[in-house]
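Novice: To start, I am sharing the structure in question, which I have written as structure tokens.
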Amino acid sequence: MGGGTTRGFTFATTPETAHHVPVPANDDATMADSLDYVKICESCPPGDGWGPSVTTDTTLNGVPYAPFSKGDKLGRMADWTAEGKDRERGGRMQYNRSYRDQQVYGSSHAVTFNAPPAEDESTFSLVSNTRDSTKSRYGRGAVFTRGRGQRGGRGDARGGRGALQRTGGAGGRQGYDRGGRQTGGARGRRFGWKDYDKPARNRDASINIKADWQLLEEIDFNRLAKLNLDADEGEDLEDYGFLYYYDRSYDKQPVKGAEKKLMAIDRAAYNVTTSSDPVIQELAERDEATIFATDSILSMLMCSPRSVYPWDIVIVRQGNKIFLDKRDNANLDMVTVNENAADAPLDAADGSKDVLNQPGALAEEATYINHNFANQVVAESESSKIDMANANPFYNASEDTDPPASKAYKYRRFDLSTNDEEPVYLVVRTEIDAVQKNAISGEDQLVTIKALNEFDSKAQGSGGALDWRSKLVTQRGAVVATEMKNNSCKLARWTVQSILSKSDVMKLGFVSRVNPRSNDKHVILGVVGWKPRDFANQMNLSLSNGWGIVRTIADMCLKREDGKFVLVKDPNKSILRLYELPAGSLDDEEEEEEQEEQQPAEGADE
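Under the numbering used here, the sequence shown has 1356 at position 416, and the numbering climbs by one with no breaks.
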């Protein structure tokens, strides 16, 4: 029997059994009693030292072991101070590379050595009320982007190029410096999006949903945004009305303090629904298309994923034809204000006491401004007006006291077919407001005229808009970008209407109140023109997505029998619902609304 001495212990070797047994060198009984961790290794050959034998297998006598290499750096086996450090530094130490354990070779094999679960472990459950520590401390709206510091973690832990930045509501730019401290933001807002914890608004539906209406489809906006259908440029079928020339003097920037006032000009303008249009009725009899609509209704459907406020479209199927209609006094006729703003104007039900700046009052004001602005910026001259092939189909000189407005109605047809066997065409009535001479070629260009309005840049619901009087000239791009964000749906609809009519230019006027506390007097601060398709690219507006939505809704109705349907935008969710109406349901509702309107009027007369 051979042996050796190491640190007071004699290792006795028994060649027959190849055991290594550590025993006390001085046979002291008290020392032997303290050796409660005596190890016996049965696998070591004689004289080969400690550890398993060299082999390429991952099991040793049926027992698995993790691979290892003498050159690998090992992490801490135990660090009793780590928890205390995390608590002292607010838990941020775990993101510092200096305190992170290095990757251990073969650490992925550690699951092999897990103890088998006990028999009663399946019935055991742990209830804890502590919050999840992995939740971001910046709130739901935090977005982290990495710059050049991605490799070393500088973008997250040390600020640098990848530091979090966002725009605060009232206090300019807000971010985090290299030390992780909050910078910017005037009112000391909490981390996260400025309005992430505000209560949800409850709006009323645009139409009363009755119990006997059958729900056919429910489509969320995410599905609508994935639809695509390429259509042609369209062809002209008929044109009606006349056009005046646009007054180019409004393109010049007005002198401060000498802006032109917006005047109330009485002109007869019409927005007749699809099925009541005599020209569309004639085209339907000639079997020119399958789907019929007006540009106002069609643009709302094509831009529905951008909408926030409630609306509805009545769909009538007669034979193999679909008519997209609107109800009388529908929301589609009103021009919304800051519909898409993060902090949209509050209604009276939401606690707003500012009557002038509530959504309903702002919509009436914006509709009034658009009607008068389009009539004011044209030069009315009988000698220079452009007459279409046919007269205005809605104007009756014997009944209308006001002269007709400058308006041309073009009935255009688009091909929405997906195959040659089943052709599907759409006819839409488009509108054009004026005509102007091209500055280079001298040719006539078709113009659509719209107006954006400013009510009060400091009021609730302004959406962080800049002061137009001081910023429209020096920072016009920033003003337009803010309007694209706050009025995304409205501007998208105007752009779609301009493209459908094949207009060459879309004029946008900037109209502001003379006094922020009065909504009956306005001034024109400037007019800017864009090519409709260029403006659509700036807004990331896809016309093929709009055509896909139209064709999808039409196919849903064509699969059903003849009757009436209502497409309703949910007032509080990003969802469209398609209902099938029983016969006469919508007619009864319209009669009830007329009676309710007549009763207050009769009471006032008494």
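Ideal placement from N, C-alpha and C gives every residue a C-beta, glycine not left out.
Grouping DSSP H, G and I as helix and E and B as strand, with all else coil, what is valine 1490?
Specialist: In the structure shown, valine 1490 sits in a helix (DSSP, three-state: H, G or I).
Novice: With a threshold of 16 other CB atoms inside 10 Å of the CB of glycine 1197, please say whether the residue is buried or exposed.
Specialist: So glycine 1197 ends up on the exposed side.
Novice: Give me, in chain order, the residues of the same chain whose beta-carbon lies closer than 7 Å to that of leucine 1507; leave out the 5 immediate sequence neighbours on both sides.
Specialist: The answer, listed in chain order, is Asp1252, Ile1253, Ile1255, Ile1493, Leu1516, Leu1518.
Novice: Please determine, among Asn1315, Asn1168, Val1275, Leu1155, the residue with the shortest C-alpha to C-alpha distance to glycine 1300.
Specialist: With distances taken between Cα atoms, glycine 1300 lies closest to Val1275.
Novice: May I ask you to list the residues that DSSP assigns as paired with lysine 1350?
Specialist: Asp1179, Thr1370.
Novice: Identify which residue in Ser1338, Leu1526, Lys1513, Gly1524 has its Cα closest to the Cα of glutamate 1158.
Specialist: Comparing Cα-Cα distances from glutamate 1158 to each of Ser1338, Leu1526, Lys1513, Gly1524, the minimum goes to Lys1513.
Novice: In chain order, what residues of the same chain have a beta carbon less than 6 Å from the beta carbon of proline 1522, not counting five sequence neighbours either side?
Specialist: Cβ neighbours of proline 1522 beyond the five flanking positions: Asp1152.
Novice: Would you mind listing the alpha helix (DSSP H) stretches within the segment 1419-1491 that are 4+ residues and don't spill past its ends, in chain order?
Specialist: Segments of the alpha helix (DSSP H) lying fully in the segment 1419-1491: 1428-1440, 1472-1478.
Novice: Should the segment 1368-1386 be regarded as contacting the segment 1397-1411, the criterion being three or more beta carbon pairs within less than 8 Å?
Specialist: They do not touch, by the three-pair rule.
Novice: In the DSSP assignment, find the unbroken alpha helix (DSSP H) run with threonine 1234 in it and report its ends.
Specialist: Segment 1231-1234 is the beta strand (DSSP E) holding threonine 1234; no alpha helix (DSSP H) there.
Novice: For the alpha helix (DSSP H) containing tyrosine 1308, list its first residue and its last residue.
Specialist: Taken as a continuous stretch (DSSP letters only), the alpha helix (DSSP H) holding tyrosine 1308 covers 1299-1316.
Novice: Let me know if serine 1578 comes out buried or exposed under the rule of 16 or more other beta-carbons within 10 Å of its beta-carbon.
Specialist: There is simply no residue 1578 to check, as the chain begins at 941 and stops at 1546 in what is shown.
Novice: Enumerate in chain order the residues of its own chain whose CB-to-CB distance from serine 1357 is below 6 Å, with the five nearest sequence positions on each side excluded.
Specialist: Result list for serine 1357: Pro1363, Val1364, in chain order.
Novice: What are the complete alpha helix (DSSP H) segments, minimum 4 residues, inside the segment 1201-1229?
Specialist: Taking only runs of at least 4 residues, the alpha helix (DSSP H) segments lying wholly in the segment 1201-1229 are 1218-1225.
Novice: Determine the direct distance from the alpha carbon of valine 1419 to that of serine 1076, and round the result to whole angstroms.
Specialist: Because the pLDDT of serine 1076 is 37, which lies under 50, any placement of that residue in the model is unreliable, and the number read from its coordinates should be weighed accordingly. Distance between the alpha carbons of serine 1076 and valine 1419 is about 34 Å.
Novice: Which residues does DSSP pair with leucine 1392 in a beta bridge?
Specialist: DSSP output for leucine 1392 lists Phe1450 as bridge partner(s).
Novice: Excluding the 5 residues flanking asparagine 1459 on each side, which residues of the same chain have their C-beta closer than 6 Å to its C-beta?
Specialist: These residues qualify, in order along the chain: Leu1296, Glu1305.
Novice: Determine the DSSP secondary structure at serine 1402, reduced to helix, strand or coil.
Specialist: Serine 1402 falls in the coil class under three-state DSSP.
Novice: In chain order, what are the residue ranges of uninterrupted beta strand (DSSP E) at least 3 long that sit wholly in the segment 1251-1277?
Specialist: Segments of the beta strand (DSSP E) lying fully in the segment 1251-1277: 1252-1258, 1261-1265.
Novice: Tell me, which residues are paired with glutamate 1520 by DSSP?
Specialist: Answer is Gln1154, Phe1505.
Novice: On the three-state DSSP scale, how would you describe leucine 1167?
Specialist: In the structure shown, leucine 1167 sits in coil (DSSP, three-state: anything other than H, G, I, E or B).
Novice: Taking 6 Å as the limit between beta carbons, can you name the residues of its chain near glutamine 1043, skipping five residues before and five after?
Specialist: With a pLDDT of 47 at glutamine 1043, under the threshold of 50, the predicted position of this residue should be treated as unreliable, and no value is reported.
Novice: Expressed to the nearest angstrom, what Euclidean distance is found between the alpha-carbon atoms of phenylalanine 1334 and threonine 1414?
Specialist: C-alpha separation (whole angstroms): 44 Å.
Novice: Mapping DSSP to helix, strand and coil, what is valine 1295?
Specialist: Reduced to three states, the DSSP call for valine 1295 is helix.
Novice: Cutting at 7 Å between CB atoms, please list the residues of its own chain near alanine 1224, excluding the five before and the five after it.
Specialist: Cβ neighbours of alanine 1224 beyond the five flanking positions: Phe1232, Lys1261.
Novice: Find out if the Cβ-Cβ distance for the pair alanine 1432, leucine 1481 is shorter than 8 Å.
Specialist: Yes. Within cutoff.
Novice: DSSP three-state label for lysine 1377, please.
Specialist: The answer is strand: DSSP assigns lysine 1377 an E or B state.
Novice: Hey, out of Arg1491, Ala1208, Ser1484, whose CA is closest to aspartate 1340's CA?
Specialist: Nearest option by C-alpha distance: Ala1208.
Novice: Can you tell me which of the three DSSP states tyrosine 1190 falls into?
Specialist: Residue state, collapsed to three classes: helix.
Novice: Could you name the residues that DSSP lists as bridge partners for aspartate 1342?
Specialist: None, per the DSSP bridge assignment.
Novice: Report all residues from its chain with a CB closer than 7 Å to the CB of leucine 1167; omit the five preceding and five following residues, and keep chain order.
Specialist: Contacts found: Asn1485, Gly1488, Ile1489, Thr1492.
Novice: Have a look at Ser1452, Met1424, Lys1504 and flag the residue whose alpha-carbon is nearest the alpha-carbon of alanine 1282.
Specialist: Ranking Ser1452, Met1424, Lys1504 by Cα distance to alanine 1282 puts Met1424 first.
Novice: Assign alanine 1348 to one of two classes, buried (16 or more other C-beta atoms within 10 Å of its C-beta) or exposed (fewer than that).
Specialist: Alanine 1348 is buried by the Cβ-count criterion.
Novice: Exposed or buried, which one is phenylalanine 1084 when buried takes at least 16 other CB atoms within 10 Å?
Specialist: Unreliable placement is indicated for phenylalanine 1084, whose pLDDT of 33 sits below 50; no coordinate value is reported for it.
Novice: Please work out which residues of its chain come closer than 7 Å, Cβ to Cβ, to cysteine 1497, disregarding the five sequence neighbours upstream and downstream, and give them in chain order.
Specialist: Here the set comprises Ile1255, Arg1257, Ile1262, Phe1505.
Novice: According to DSSP, what are the bridge partners of leucine 1386?
Specialist: DSSP lists Val1375 as partners of leucine 1386.
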